[in-house]
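The C-terminal position of the sequence shown is numbered 115 in the working numbering, with every residue numbered one higher than the one before it.
Note that beta-carbon positions come from the ideal geometry of N, C-alpha and C, so glycine has one too.
Worksheet: one structure, shown below.
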Amino acid sequence: MLEKVNRLNYLFDFYGLLLTKKQQNIMEMYYKENFSLAEVAEHLNISRQAVYDALSRAVNTLEKWEEKLKLYETHLQRRKEGLKALDLLSNRQLSDHQINKLKEIVKRFMVES
């Protein structure tokens, strides 16, 4: 469940602006602020079913954009490669200073991508 929520949060970060304002608000409350369906419904003065339907449509939209653009998949691949590079750097015969400098560069790359 946590992996699903993390994935959806990433998809929302990448593609959230492609959703309607209402879908953005509902996604934000439910997935980022951890509101329940009932809390979102009460806050927006709509039914729980309306919240559920809006979430379903929003998630489907995010998934369709990911299928086309693969930004999340690319992010995961870069992160995996960065971690692999960090691991390799730790096993080489470099000075501690050189290793630390290289680790800083790789970590910066991973954050920026």
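Check, Outcome
"Classify Met3 as helix, strand or coil using the three-state DSSP reduction.", "coil"
"Exposed or buried, Ala43, counting other C-beta atoms within 10 Å across all chains shown (16 or more means buried)?", "buried"
"With a threshold of 16 other CB atoms inside 10 Å of the CB of Ile28, please say whether the residue is buried or exposed.", "buried"
"Inspect the beta-carbon positions of Asn64 and Val53 and report whether they are closer than 7 angstroms.", "For clarity, residue 64 is Leu in the given sequence; the question names Asn instead. Cβ distance not < 7 angstroms, so Leu64 and Val53 don't count as in contact."
"Are the C-beta atoms of Phe111 and some chain C residue less than 7 angstroms apart?", "The structure shown contains no chain C, having only a single protein chain."
"Within the continuous alpha helix (DSSP H) that includes Leu64, where are the two ends?", "50–71"
"To the nearest angstrom, how far is the alpha carbon of Leu90 from that of Asp98?", "14 angstroms"
"Nearest-angstrom Cα distance between Tyr32 and Glu75?", "23 angstroms"
"Starting from Met31 and walking both ways along the alpha helix (DSSP H), at which residues does that stretch end?", "Here Met31 belongs to no alpha helix (DSSP H), and DSSP marks it neither H nor E."
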